[in-house]
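Undergrad:
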Amino acid sequence: MASPGRQRRRIAEGAAPCGERGAGREGRTISAVTSHPTSGELDPPVPARQPDGTGAAGERLQLQGLDGLRGLAALYVVLFHCWLLTFPGFPRNSGPDWLGWMMYGRLAVVFFLVLSGFSLAISPARHGWQLGGARRFLSRRAWRILPPYWAALALSLAVAWLVVPASHFGPPTGKTLLVYGLVVQDVFTAPTPNGAFWSIGVEAELYLLFPLFLLIRRRLGALVLVGGVTLLVVARGLAAPDASPVEGMNWLTPNLAPVFVAGLVGAGIIVASEKVRRLPWHWLAALAALPIGSLLVVRGSVWTARHFFWVDLAVVPAMTMLIVAVATGRPALLMRLLATRPMRSLGNFSYSLYLIHLPIVMVVIRKIAPHFVSSGLPAFWFTLLLAVPVSVLGAWLFAALFELPFKRHRSWKALLAAGRSRGTRLSGS
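Quick note: this note's numbering has the sequence shown finishing at residue 1139, numbered continuously throughout.
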């Protein structure tokens, strides 16, 4: 019989909100842009839900809501690329005005980065902002992110070489294979095989900085971390001609670091007092979004695209508070939507959707649509009706092969053992 002390420890561990001690666990519940959908994961235990909706079961439901947010953001990026490749002239809107809301794919990537910082920091926040080892964290991130990325890179290269180039710079080259294979596209320029891959390079660099960010958060506090990173970026922006930095194809990580850090710091709400957690974060998010949203509407898409450097920073408070709201279970209507099976499923393979949708959209627009419809709005509808479902179905199949096995199994040994076990079951049947 276990001693009373051991029993108390078991009870405490069973009631704890995180299933693994000492290090940030990346599990099945939360999955680049990439970002984009390449964020950290958490797999808490699931005891019975308390009557007031609290407890680990309710908490897991709220964290699964973050999956739904990620899925919606990935789907929006698909719609953005359908719009972008149908109506030329970005950032000018050459399509119908009522489709103008599809023009802001960059902001969806910003949202991915906020969500990534938030999700990765949940477990460290619960453990005194301790990471449990930088090497362990980075190896787990590589295991989780790189296999599907490399598979998508191979697919994108094949499409770009054999069907349609991914950019006006021409087909990929040997340099493309080296730069994108090593995930250093934010540092070095090469003809892209997939226009969505830029954010994967950004997020990879932010992963390398994540242990340092946690150290600053633990030793110096949230205000020093947010203020220090943001002030450096603001100073860089103000030093540019007319205080309007012109961004190129890479070197975007310094500009977007405050976005990732905002999500990291926002994860502290998970372990805050009940009074703080019960604040109306969804309404605060709406209030924070109102001024910047109004400015974007008044100034238009051209101005917005030319000022993404500042717009990114301005939208982050609203995005962070929206994520906090969902992580604390509000608003109820949005939580019910995010808890539906389609939303949970979409969030589960949102990373794969982000990785492979663009080659599919480009093939439909460049190679298929011209044979059936005219350019403009007819081509847009054709692309929407064909490319979106093919992208979603393709991403589901792609994830089953190249993403989900690496989410479920933490090593080659475990992965191969699962494969042998499955083969044994199939042969036995």
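The beta carbon of each residue, even a glycine, is placed where N, CA and C say it ideally should be.
Since the structure is predicted, the reported quantities are computational estimates derived from the model, not experimental observations.
Compute the beta-carbon to beta-carbon distance between L1087 and A784, rounded to the nearest angstrom, for a pair I have assumed lies under 8 angstroms.
TA: Position 377 of the sequence shown, counted from the first residue, corresponds to residue 1087. Position 74 of the sequence shown, counted from the first residue, corresponds to residue 784. Contact flag wrong, Cβ pair sits at about 24 angstroms.
Undergrad: Look at the alpha carbon of R988 and the alpha carbon of V981, and state the distance between them as a whole number of angstroms.
TA: One-based indexing of the sequence shown puts residue 988 at position 278. One-based indexing of the sequence shown puts residue 981 at position 271. Going from the Cα of R988 to the Cα of V981 covers about 12 angstroms.
Undergrad: Quick check: is any heavy atom of the ligand PLP less than 8 angstroms from the C-beta of A914?
TA: This structure simply doesn't include the ligand PLP, nor any ligand for that matter.
Undergrad: Please confirm whether G911 and T963 have their CB atoms less than 9 angstroms apart.
TA: Sequence index remark: in the sequence shown, residue 911 carries index 201 (1-based). Sequence index remark: in the sequence shown, residue 963 carries index 253 (1-based). Yes, they are a contact pair.
Undergrad: Just checking my contact of F1082 with F1092 at CB under 8 angstroms: how many whole Å lie between their CB atoms?
TA: Counting from one through the sequence shown, the residue named residue 1082 turns up at place 372. Counting from one through the sequence shown, the residue named residue 1092 turns up at place 382. Going by Cβ atoms, the distance from F1082 to F1092 rounds to 6 angstroms, so yes, they are a contact pair.
Undergrad: Round the Cβ separation of Q1128 and H1119 to the nearest angstrom and send it over; I've been treating them as touching at under 8 angstroms.
TA: As a working note, residue 1128 is residue 418 in the sequence shown. As a working note, residue 1119 is residue 409 in the sequence shown. Note on identity: in this sequence residue 1128 is Ala, with Gln being the wrong assignment. Contact flag correct, Cβ pair sits at about 6 angstroms.
Undergrad: Suppose you measure from the CA of R1040 to the CA of W991; what does that come to, to the nearest Å?
TA: The sequence position of residue 1040 within the sequence shown is 330, counting from 1. The sequence position of residue 991 within the sequence shown is 281, counting from 1. Spanning the two alpha carbons is a distance of roughly 8 angstroms.
Undergrad: In whole angstroms, give me the CA-to-CA distance for G947 and V939.
TA: For this step, residue 947 is matched to residue 237 along the sequence shown. For this step, residue 939 is matched to residue 229 along the sequence shown. Roughly 13 angstroms between the two C-alpha positions.
Undergrad: Looking at the unbroken alpha helix (DSSP H) that takes in S909, where does it start and where does it end?
TA: Within the sequence shown, the letter at position 199 stands for residue 909. Per DSSP, S909 belongs to the alpha helix (DSSP H) from 908-930.
Undergrad: Apart from the five residues just before and just after P714, which ones in its own chain have a Cβ nearer than 7 angstroms to its Cβ?
TA: To locate residue 714, count along the sequence shown from 1; it is residue 4. The predicted model places P714 with a pLDDT of 46, which falls under 50 and marks its position as unreliable, so this point remains unresolved.
Undergrad: Comparing C-alpha positions only, which one of S849, A972, L966 sits nearest to M1140?
TA: Residue 1140 is absent from the model: the chain starts at 711 and stops at 1139.
Undergrad: Our contact map puts T1014 next to V1021 with C-beta atoms below 8 angstroms; I'd like the distance itself, whole angstroms only.
TA: Counting from one through the sequence shown, the residue named residue 1014 turns up at place 304. Counting from one through the sequence shown, the residue named residue 1021 turns up at place 311. Right, their Cβ atoms sit about 6 angstroms apart.
Undergrad: Taking the alpha helix (DSSP H) that V894 falls in, what are its first and last residues?
TA: Here residue 894 corresponds to residue number 184 of the sequence shown, with the count starting at 1. No alpha helix (DSSP H) contains V894, which DSSP labels as neither H nor E.
Undergrad: CA-CA distance, H837 and A831?
TA: For this step, residue 837 is matched to residue 127 along the sequence shown. For this step, residue 831 is matched to residue 121 along the sequence shown. If I take the Cα positions, the gap works out to 10 angstroms.
Undergrad: I need the boundaries of the alpha helix (DSSP H) containing L817, first residue and last residue.
TA: In the sequence shown, the residue the question calls residue 817 occupies position 107. First-last of the alpha helix (DSSP H) with L817: 815-836.
Undergrad: Would you report the Cα separation of G1057 and L776, rounded to the nearest angstrom?
TA: Translated into the one-based positions of the sequence shown, residue 1057 becomes position 347. Translated into the one-based positions of the sequence shown, residue 776 becomes position 66. Between G1057 and L776, the C-alpha separation is close to 8 angstroms.
Undergrad: Could you tell me how far apart the beta carbons of M1053 and G778 are, in whole angstroms, since I believe they sit closer than 8 angstroms?
TA: Position 343 of the sequence shown holds residue 1053. Position 68 of the sequence shown holds residue 778. Their Cβ separation, rounded to whole angstroms, is 4 angstroms, which keeps M1053 and G778 in contact under 8 angstroms.
Undergrad: Output needed for V1026: all residues of its chain with C-beta closer than 8 angstroms, excluding positions within five of it in sequence on either side, in chain order.
TA: Numbered from its first residue, the sequence shown carries residue 1026 at position 316. Cβ within range, chain order: V820, V824, P968, V969, A972.
Undergrad: Is E984 helix, strand or coil by DSSP?
TA: Walking along the sequence shown from the start, residue 984 turns up at place 274. It is helical.
Undergrad: Leaving out five residues before and five after F1116 in sequence, what residues of the same chain have Cβ atoms less than 8 angstroms from its Cβ?
TA: Here residue 1116 refers to the residue found at position 406 when the sequence shown is read from its first residue. Taken in chain order, the residues that qualify are W853, R854, P857, P858, L1125.
Undergrad: Distance check for G815 and I1075, CA to CA, integer angstroms please.
TA: Taking the sequence shown and counting its residues from 1, the one referred to as residue 1075 is at position 365. Taking the sequence shown and counting its residues from 1, the one referred to as residue 815 is at position 105. If I take the Cα positions, the gap works out to 18 angstroms.
Undergrad: By the DSSP assignment, the alpha helix (DSSP H) with A950 in it spans what residues?
TA: Here residue 950 refers to the residue found at position 240 when the sequence shown is read from its first residue. Here A950 belongs to no alpha helix (DSSP H), and DSSP marks it neither H nor E.
Undergrad: Can you say whether L974 is buried or exposed, counting buried as having 16 or more other CB atoms within 10 angstroms of its CB?
TA: The sequence position of residue 974 within the sequence shown is 264, counting from 1. Looking at its Cβ environment, which holds 16 or more other Cβ atoms inside 10 Å, L974 is buried.
Undergrad: Would you mind reading off the limits of the alpha helix (DSSP H) that contains A999?
TA: If you number the sequence shown from 1, residue 999 lands on position 289. Taken as a continuous stretch (DSSP letters only), the alpha helix (DSSP H) holding A999 covers 991-1016.
Undergrad: If you draw a straight line from the alpha carbon of E1113 to that of L773, how long is it in whole angstroms?
TA: Position 403 of the sequence shown, counted from the first residue, corresponds to residue 1113. Position 63 of the sequence shown, counted from the first residue, corresponds to residue 773. Whole-angstrom Cα-Cα distance: 20 angstroms.
Undergrad: Compare the C-alpha of M813 against each of V1012, L966, S866, L933 and name the closest.
TA: Taking the first residue of the sequence shown as 1, we reach residue 813 at position 103. M813 has its Cα closest to that of V1012, out of V1012, L966, S866, L933.
Undergrad: Can you give the Cα-Cα distance for A861 and Y890, rounded to whole angstroms?
TA: Looking up residue 861 in the sequence shown gives position 151. Looking up residue 890 in the sequence shown gives position 180. Going by the C-alpha atoms only, they are around 12 angstroms apart.
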